[in-house]
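Student:
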Amino acid sequence: MIKFITLLLFITVSCLSSQEEISWDDKLFHQKEEYLYYQDKPFTGVVLKFYANHQIQSRQYFSAGKLDGLSEKWFENGQMQERRYFTENHKTGKHEAWWENGQQRFEYEFDDDVPIKLHKEWYPNGQLFTISNYDENGQPMGIQQMWFDDGKIKANYEVKNGRRFGLLGAKGCMGKNEKSVANEN
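In my numbering, the protein residues as written are 97 to 281.
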């Protein structure tokens with residue numbers, strides 16, 4: 097199934113690559129509900145956004161007014177920030193992002209906006225933050241792990257039939273010398 101989705105996305109991106117490219121700053125763009133309009137018609141083509149230094153900030157593919165295909169963003173220094181795929185405004189396929197220092201930020205997979213399979217997140221220092229597993233319905237299943245930014249384990253449990261078994265340490269109970277990750281950001 098994933099190979100089929102990847103092939104479909106490749107074909108979509110290939111077809112769209114010959115489409116009209118227009119800057120997001122064009123005054124003829126407007127958004128209404130979940131559709132993007134250009135000259136009062138649902139837009140099909142590529143929308144580009146640029147930083148003040150003329151470096152590309154984002155490139156998004158649209159079909160009939162909806163995000164459809166590859167969506168990419170870059171930091172102002174030109175380094176890739178994120179790469180995501182959409183089908184008619186719905187997240188699909190592999191989604192990746194990076195911190196400005198080049199370290200990977202996350203790697204997710206979706207099927208029609210539903211999280212599936214293995215999801216990973218990292219701290220800016222490259223240390224793993226979370227590993228989460230999802231079934232085809234988007235429900236957590238299997239091994240779930242979480243770490244502090246120094247590599248110490250925060251949570252390590254398994255989800256079976258909707259129940260969690262193991263070290264659930266993510267309920268806010270922290271040791272005397274530990275600090276909340278949420279408060280650091």
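Even glycine gets a Cβ: it sits at the ideal position worked out from N, Cα and C.
In this text the structure is predicted, and so the values were computed from the model without any measurement.
Taking the C-alpha atoms as reference points, what is the distance between Q200 and D245?
Tutor: For Q200 and D245, the distance between alpha carbons rounds to 14 angstroms.
Student: By DSSP, does H150 sit in helix, in strand, or in coil?
Tutor: If DSSP states are grouped into helix, strand and coil, H150 belongs with coil.
Student: So what's F125 in DSSP terms, helix, strand or just coil?
Tutor: Strand, per DSSP.
Student: Mind checking whether K250 and Y230 have CB atoms under 8 angstroms apart?
Tutor: Against a cut-off of 8 angstroms, the Cβ pair of Y230 and K250 comes out as no contact.
Student: Could you compute how far the alpha carbon of E130 sits from the alpha carbon of F261?
Tutor: Their backbone Cα atoms lie some 40 angstroms apart in a straight line.
Student: Return the residue from the list Q235, F202 and I227 that minimises the CA-CA distance to Q241.
Tutor: The shortest Cα separation from Q241 among Q235, F202 and I227 belongs to I227.
Student: Are there 16 or more other CB atoms within 10 angstroms of the CB of Y263, so buried, or fewer, so exposed?
Tutor: Residue identity check: residue 263 is Leu in the sequence provided, not Tyr. L263 should be labelled exposed.
Student: My assumption, with CB atoms under 8 angstroms, is that R155 sits in contact with L144. Please give the rounded CB distance.
Tutor: Between L144 and R155 the Cβ distance is about 6 angstroms, and since that is below 8 angstroms, they are a contact.
Student: Suppose only complete runs of 3+ residues qualify. What are the beta strand (DSSP E) ranges in the stretch 224 to 270, listed by chain order?
Tutor: The stretch 224 to 270 contains these whole beta strand (DSSP E) runs: 224 to 230, 238 to 243, 249 to 256 and 259 to 263.
Student: Just how far apart, CA to CA, sit G174 and K256?
Tutor: Straight-line Cα distance between these residues: approximately 43 angstroms.
Student: Starting from Y219, follow the beta strand (DSSP E) in both directions and report where the run begins and ends.
Tutor: No beta strand (DSSP E) holds Y219; DSSP gives it neither H nor E.
Student: Mapping the DSSP letters down to three states, classify G58 as helix, strand or coil.
Tutor: Residue 58 falls outside the range modelled here, since the chain spans only 97 to 281, and no answer is possible.
Student: In the DSSP assignment, find the unbroken beta strand (DSSP E) run with D207 in it and report its ends.
Tutor: Start and end: Q200 to D207.
Student: Alpha carbon to alpha carbon, how far is H191 from F146? Give it in angstroms, no decimals.
Tutor: Near 22 angstroms, if we compare the C-alpha coordinates of H191 and F146.
Student: Around the C-beta of D209, are 16 or more other C-beta atoms found within 10 angstroms, so that it is buried, or is it exposed?
Tutor: Exposed, since its Cβ has fewer than 16 Cβ neighbours within 10 Å.
Student: Assign F182 to one of three DSSP states: helix, strand, or coil.
Tutor: If DSSP states are grouped into helix, strand and coil, F182 belongs with the strands.
Student: What whole-angstrom Cβ distance do Y134 and I118 have, given they're in contact under 8 angstroms?
Tutor: Indeed they touch by this definition, with Cβ atoms about 7 angstroms apart.
Student: In angstroms, rounded to a whole number, what distance separates the CA positions of K169 and R180?
Tutor: For K169 and R180, the distance between alpha carbons rounds to 9 angstroms.
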